[in-house]
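Heads up, the thing below is written out as structure tokens.
2 protein chains.
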Amino acid sequence: MVSVAERAGVSKSLVSLVMRDSPRVSDASREAVLKAAQELGYRPNLIARGLAEKRTRTLGVLIFDLHNPFFAEVIDGLQEQAHEDGYRLLIGTGRGRAEEEEEVLESFLQQRVDGVVLLSPIVERSVLLGAAQEVSTVIMARHGKLVAHADSVVTDDQAGTRLAVEHLIGLGHEAIAHIDGGEGASALERRLGYEAAMADAGLTELIRVEPGSFTDEGGHAAMQVLLAGEEPPTAVLAGNDLAAVGALTALEEHGLRVGEDLSLIGYDNSYLARIPHISLTSVAQPRSEMGRLAFDAFKRRSANPNRRATRIVVEPKLVVRGSTGPRPSGAGR
Amino acid sequence: MVSVAERAGVSKSLVSLVMRDSPRVSDASREAVLKAAQELGYRPNLIARGLAEKRTRTLGVLIFDLHNPFFAEVIDGLQEQAHEDGYRLLIGTGRGRAEEEEEVLESFLQQRVDGVVLLSPIVERSVLLGAAQEVSTVIMARHGKLVAHADSVVTDDQAGTRLAVEHLIGLGHEAIAHIDGGEGASALERRLGYEAAMADAGLTELIRVEPGSFTDEGGHAAMQVLLAGEEPPTAVLAGNDLAAVGALTALEEHGLRVGEDLSLIGYDNSYLARIPHISLTSVAQPRSEMGRLAFDAFKRRSANPNRRATRIVVEPKLVVRGSTGPRPSGAGR
DNA sequence: GGCTTAGGCTGGACCGTTCCAACTGGGAGG
DNA sequence: CCTCCCAGTTGGAACGGTCCAGCCTAAGCC
């Protein structure tokens, strides 16, 4: 910067002003500085700037699992909004381990990020509380109690499964089973939505929750059990798309046609559901919108760090595809 | 840091030494400093450290497409190795646009990363050359001429399609078609491998390359054309898994059983291929190993920035699943 | 003509570290 | 007893920017 200043015949303060697009610089000096910078191949040092400004215009994003396409889309939304506002994203992952997640978070703080966005974190609540005290914090896709001074963004999973059940009822189905997602807050939410919707439709007696998991093996095994029973359901609501695909395999093994002999619904509207060969009716969460909302929440909180913790709930949508159809005549009840 | 020093009754230089685990500190002072730091909730400022040390122990990783699970696994390997060595990863994406990729790269340089890893970048060659001059650069999954002062890590795609063709020939197939991946260096490599393997087996006359793309629509359309022809192939090698899944849909529409009436092979051994419902024979690239190799290359180059550009080629493997089987008797030739 | 105002610019303190040359005190060696 | 050495420690100069108070000059106003 000093070399640029010398070459342009001005002070380094002025170079600094030009680099930051200050309006109170004459056109002549601006041009001279830019020319000198160009000639010297000068590139501003964001490290030094960060030190002097005491802020980095950087957001730390902690992702539970890089492989899950869900997160990729959330980051898309986040990145888009952040980029527009001149923020950079520092992405890290604890690769599914709480301990590593904590390390990554600490490293974000040491790097003095202006805020952190935690995507489905599994660290203990106390860690979240600690983070929220240090820096603007947004927690995504984690249900449970609010964390003081942190905002959270979640989807209404109960509403999601309710949509699915109502769609099936509209098609004439009554014996609708649910393949549970196992432990974890979102599996619980999804199950509650299913049960409530069934009860509201007067189908309490037909509620059937089969233990499973969020994996294809889990969905496969659960569907096996359902089909082996005396009165198999005419429709099944899987915990997520992956489990639904596992269930699909089981149906094939039994020679049943999905969408005709039995209707199947997934959850997440992932990439998988969209494949024509699979064509799965599924509940969609507005992922990139969630990313945008998270960034907005961050901005609001950095403007006013002491505001109350908020929870932003977004509504899921049902995407109907080929895996659901009318109740087969004469089947079950 | 000064406060910690005062509280511990030592100089800030000594605090600095303790924080960096220097061996030339007495146990007594070390303990006193750590105690004071603990009590004050002191957290080292990596920004200031980066400024003073003139290096950041940070690697900029530019990803072509966050959604592609291929990249997630490469990053896994990279992250593992980097973490072990005390490096952090700064991840960014140009979201498929060359112009944005350039911006992200420039931002990495302004942040003074110690190196950059470019995953399948689409920026112009001149940009790569420029980056390589500024900082240790590793280019991944991009074929083509070597870039001066940069190392590259690629898979041998020609060998990959060759493996696939040889597997099919071993099963008795002769009329083996290839669905091309469209433009781009890797589509070219894959096609060349196919053609060479066919020629080597004396099947030059049966070489058939159907234009397509790396998407499911592309695979679907190409398979339609192949099946509509007079002498449809008994085996098809798709450009990647996604195209193979599209082809699968076309087969279904024609009432053909995959693995029996026609054999199908994908490329990438993605998540999709592993789904039981799909069960696609596919060519696997050692993704996380590629990530580790990229980090090694970075380390070597930072130790010696002027070493010659190298190209590290890793060998693909064939993963056989249910979509390939013996040539149906009496079919085609 | 003198006073005020404002735009444009500057010098130097500061941000929180690392680095380096130099200092100290006690033990070993002659 | 003096010198040398070395482990342990220290003060102050970087690192490359931003920030702020203040300076200069020319224009505007009465």
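Residue numbers (this note's numbering), protein chains in the order written: chain V, 126 to 458; chain W, 126 to 458.
Just so you know, even glycine gets a beta-carbon here, dropped at the ideal spot from N, CA and C.
Report all residues from its chain with a CB closer than 6 Å to the CB of tyrosine 167(W); omit the five preceding and five following residues, and keep chain order.
Within the same chain, tyrosine 167(W) has close Cβ partners Val129.
What are the boundary residues of the alpha helix (DSSP H) that includes glutamate 209(W)?
First-last of the alpha helix (DSSP H) with glutamate 209(W): 194 to 209.
For a test of the three-state rule: what should DSSP assign to valine 129(V), helix, strand or coil?
Valine 129(V): helix per DSSP, three-state reduction.
What alpha helix (DSSP H) runs, 4 residues minimum, are completely inside the segment 240 to 315 of chain V?
Within the segment 240 to 315 of chain V, the complete alpha helix (DSSP H) runs of at least 4 residues are 250 to 259, 282 to 295.
Could you compute how far the alpha carbon of isoleucine 200(V) sits from the alpha carbon of tyrosine 392(V)?
Straight-line Cα distance between these residues: approximately 20 Å.
In chain V, what lies closer than 7 Å to leucine 351(W) by C-beta?
None at all; the shortest Cβ gap to chain V is about 17 Å.
Quick check: what's the CA-CA separation for glutamate 198(V) versus phenylalanine 339(W)?
Each residue's Cα considered, the two are about 20 Å apart.
Does chain W have any CB closer than 8 Å to the CB of glutamine 206(V)?
No, glutamine 206(V) lies away from the interface with chain W (no Cβ there is under 8 Å from its Cβ).
So the beta strand (DSSP E) isoleucine 390(W) belongs to, where does it begin and stop?
388 to 393 is the extent of the beta strand (DSSP E) around isoleucine 390(W).
Using CA coordinates, which residue listed in Ala289(W), Asp282(W), His274(W) is at the minimum distance from isoleucine 390(W)?
Of the listed residues, the one whose Cα sits closest to isoleucine 390(W) is Ala289(W).
To the nearest angstrom, report how far apart alanine 207(V) and glycine 219(W) are at their CA atoms.
Approximately 13 Å between the Cα atoms of the pair.
Is there a Cβ from chain W that is less than 8 Å from the Cβ of histidine 303(V)?
Output row for histidine 303(V): interface = no.
Runs of 3 residues minimum, wholly inside the segment 340 to 381 of chain W: which ones carry the beta strand (DSSP E) assignment?
Runs found: 360 to 362.
By the criterion of Cβ-Cβ separation under 7 Å, what are the contact partners of glycine 175(V) in chain W?
Ile172, listed in chain order.
Determine contact between the segment 404 to 414 of chain V and the segment 283 to 301 of chain V, defined as no fewer than three beta-carbon pairs at a distance below 8 Å.
Judged by Cβ distances under 8 Å, the segment 404 to 414 of chain V makes contact with the segment 283 to 301 of chain V, as three or more pairs qualify.
Once the 5 residues before and after proline 194(V) are set aside, which same chain residues still bring their CB inside 8 Å of it?
Result list for proline 194(V): Ser395, Tyr396, in chain order.
Just to confirm, does alanine 257(V) get its C-beta within under 7 Å of one of the non-hydrogen atoms of the ligand MG?
Among the components modelled here there is no ligand, and therefore nothing to report on the ligand MG.
Once DSSP output is grouped into helix, strand and coil, what is the label at alanine 326(W)?
The answer is coil: DSSP assigns alanine 326(W) none of H, G, I, E or B.
First and last residue of the beta strand (DSSP E) that includes leucine 443(V)?
Start and end: 442 to 444.
Does the CB of glutamine 235(V) have a neighbour CB from chain W at under 8 Å?
By this cut-off, glutamine 235(V) is an interface position.
With distances taken Cα to Cα, identify the nearest neighbour of aspartate 341(V) among Glu225(V), Ala312(V), Gly327(V), Ala363(V).
Per the Cα distances, Ala363(V).
Does the Cβ of arginine 315(V) have 16 or more other Cβ atoms within 10 Å, making it buried, or fewer, making it exposed?
The residue in question, arginine 315(V), is buried, as its Cβ has 16 or more Cβ neighbours within 10 Å.
Could you tell me which residues DSSP puts in a beta bridge with valine 383(W)?
Valine 383(W) pairs with Leu387(W).
Quick check on glutamate 226(W) - is its C-beta less than 8 Å from some C-beta in chain V?
No, glutamate 226(W) does not count as interfacial toward chain V.
Hey, out of Leu387(V), Leu331(V), Ala353(V), Gly306(V), whose CA is closest to asparagine 365(V)'s CA?
Residue Gly306(V) is the option with its Cα nearest to asparagine 365(V).
Could you spell out where the alpha helix (DSSP H) holding glycine 175(V) opens and where it closes?
Here the alpha helix (DSSP H) through glycine 175(V) covers 171 to 178.
For alanine 428(V), count the other beta carbons within 10 Å of its own beta carbon; 16 or more makes it buried, fewer makes it exposed. Which is it?
Answer is exposed; the Cβ neighbour count stays below 16.
Any C-beta of chain W sitting closer than 8 Å to the C-beta of threonine 374(V)?
Yes, its Cβ sits closer than 8 Å to a Cβ of chain W.
Out of Val158(V), Gln349(V), Met144(V), Phe233(V), point me to the one whose CA is closest to valine 370(V)'s CA.
That would be Gln349(V), whose Cα lies nearest to the Cα of valine 370(V).
Report the CB separation of threonine 435(W) from serine 388(W) in whole angstroms; it is logged as a contact under 8 Å.
That pair is no contact at about 38 Å.
Could you check which residue in Ser311(W), Ala310(W), Leu331(W) has the C-alpha nearest to that of glutamate 320(W)?
Among Ser311(W), Ala310(W), Leu331(W), the Cα nearest to that of glutamate 320(W) belongs to Leu331(W).
Closest to glycine 337(V) by CA distance: which of Thr329(V), Gly309(V), Arg182(V) is it?
When each option's Cα is compared against that of glycine 337(V), the closest is Gly309(V).
Please classify threonine 474(W): is it buried, with 16 or more other beta-carbons within 10 angstroms of its beta-carbon, or exposed?
Only positions 126 to 458 of chain W appear in the structure, and residue 474(W) is not among them; the question remains open.
Compute the Euclidean distance between the alpha carbons of serine 245(W) and valine 438(W), then round it to the nearest angstrom.
One C-alpha to the other measures close to 15 Å.
With 16 as the cutoff for other CB atoms within 10 Å, does glutamate 335(V) come out buried or exposed?
It is buried - the Cβ of glutamate 335(V) has at least 16 other Cβ atoms within 10 Å.
Output, in chain order, the set of chain W residues within a Cβ distance shorter than 7 Å of glutamate 308(V).
Going along chain W, no residue has its Cβ under 7 Å from glutamate 308(V), so there is no contact; the nearest lies around 23 Å.
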